[in-house]
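Protein chains in written order, with the numbering used here: chain A, 1 to 229; chain B, 230 to 458.
Beneath this line is the structure, given in structure tokens, with notes to follow.
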């Protein structure tokens, strides 16, 4: 209802004419043709954000890994599997006015994923070596030319949420970090609610626990305000 | 339509009074609260088999990992995540007349999964040690007392399909193996069709490529015949 009120106030939608990239969902990193490593992410929060931005009039490019929930309507959907594919899709979507990086991108991939199903050898477990995935958020945040005006990252943490997320914002070079505590006890992972703290250069803003759609609408309005300043 | 004809011929359904366990879907093995290792399995073939057995009158216990497709109706559904949980659910479902082990159970789990989100240390990738998961198919196949009359395993292979699946049948001690080639080029993984070879002590039976539902109906009829002999 807040969004509806704002929509009425702004007429066409405060984000009309703005192109915004949203990444969402997990990535799947192949081990071999039948196995993969994944992050737990339903894609619910990213999908709600994509929908909220579109509702405010933005042209949304929605780059999504294999999520549980269907992508929002009224956006351009690009489906990917791995972090490397997500980076390519993000690069192809640029330039944009803002980027919201809500995907739970795997930090690592298997260094040399196998074309054949890996079998035990002499009864021994396989050894998997990992390689670092491209850091999509940092790469876009640190662009020398054509950097989006506003870049929003996410930090799903289980310990020292604010400290870890504040450090992440500085390390990546993004403008805002939406931090949340995904410890199993919170029930946020896979649930319909979220309890976030928004971290910017001005400090942190603790939002009350609310539905993922309400978080999305509040964030979309903040983005609209930032882009119109 | 084959099933309908048989149903008509048998009246109440040839599997009436039979209790059959079906496992389906992948398992998810936790690395830490946000990451896991998974097998690619939509659960489509196992779900079709559960439905086909129920249609023939069987009392079906359907133990499923986190699958993409919804479980069949008219069966008792038990949802699990990891291989260890699947084994417990299978043990709780016994005794049964037949067991169809269609789940793509992860062979390994992470030896000591972490309660906290794993971080890089000194810029180094984490090292994951693996432990062998319980072998549910072998364990049930090799029961000394109360073993199901008929045990059907599955073998998703990418190379030497028949040889690997034949060896698997002997190693596990199950009665039949439904073998298929899941090489990426076949398009079977995640697709709606399957191309299987049924392997028993009498040799191998190559079925033509057909829909997963048709495979399920043919297998259910074969199971009904075997249990009535």
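Each residue gets a CB set at the ideal place from its N, CA and C atoms; glycine is no exception.
Given the structure is predicted, the values throughout are model-derived calculations rather than measurements.
Supposed close pair residue i, residue j - CB separation, criterion 8 Å
i, j, result
"residue 161 of chain A", "residue 197 of chain A", "7 Å"
"residue 291 of chain B", "residue 253 of chain B", "7 Å"
"residue 418 of chain B", "residue 269 of chain B", "6 Å"
"residue 275 of chain B", "residue 251 of chain B", "6 Å"
"residue 401 of chain B", "residue 429 of chain B", "Actually they do not touch by this definition, with Cβ atoms about 13 Å apart."
"residue 42 of chain A", "residue 67 of chain A", "6 Å"
"residue 72 of chain A", "residue 50 of chain A", "4 Å"
"residue 96 of chain A", "residue 75 of chain A", "The Cβ separation is near 13 Å, so there is no contact."
"residue 422 of chain B", "residue 438 of chain B", "6 Å"
Continuous alpha helix (DSSP H) stretch holding residue i: start and end
i, result
"residue 88 of chain A", "83-93"
"residue 390 of chain B", "390-401"
"residue 228 of chain A", "212-228"
"residue 369 of chain B", "365-370"
Span of the beta strand (DSSP E) around residue i
i, result
"residue 358 of chain B", "Run containing residue 358 of chain B: none; DSSP gives neither H nor E here."
"residue 267 of chain B", "264-268"
"residue 408 of chain B", "405-410"
"residue 27 of chain A", "Looking at the DSSP string, residue 27 of chain A is not in any beta strand (DSSP E), and its letter there is neither H nor E."
"residue 197 of chain A", "196-200"
"residue 203 of chain A", "203-206"
"residue 339 of chain B", "337-339"
Beta-carbon spacing of residue i, residue j below 8 Å
i, j, result
"residue 282 of chain B", "residue 244 of chain B", "yes"
"residue 262 of chain B", "residue 186 of chain A", "no"
"residue 277 of chain B", "residue 441 of chain B", "yes"
"residue 103 of chain A", "residue 27 of chain A", "yes"
"residue 379 of chain B", "residue 327 of chain B", "yes"
"residue 362 of chain B", "residue 398 of chain B", "no"
"residue 309 of chain B", "residue 286 of chain B", "no"
"residue 329 of chain B", "residue 406 of chain B", "no"
"residue 408 of chain B", "residue 445 of chain B", "no"
"residue 106 of chain A", "residue 129 of chain A", "no"
"residue 410 of chain B", "residue 424 of chain B", "yes"
"residue 55 of chain A", "residue 227 of chain A", "no"
"residue 38 of chain A", "residue 267 of chain B", "yes"
Opposing strand residues paired with residue i [DSSP bridges]
i, result
"residue 152 of chain A", "A:100 and A:176"
"residue 386 of chain B", "B:410"
"residue 115 of chain A", "DSSP output for residue 115 of chain A lists no bridge partner at all."
"residue 261 of chain B", "B:264"
"residue 20 of chain A", "A:60 and A:98"
Contact test: residue i Cβ vs the ligand HEM heavy atom, cutoff 7 Å
i, result
"residue 251 of chain B", "The ligand HEM is absent from the structure shown, which contains no ligand whatsoever."
In the stretch 280-316 of chain B, which residue ranges form an unbroken beta strand (DSSP E) of at least 3 residues, counting only runs that do not cross its ends?
-> 288-293 and 305-308
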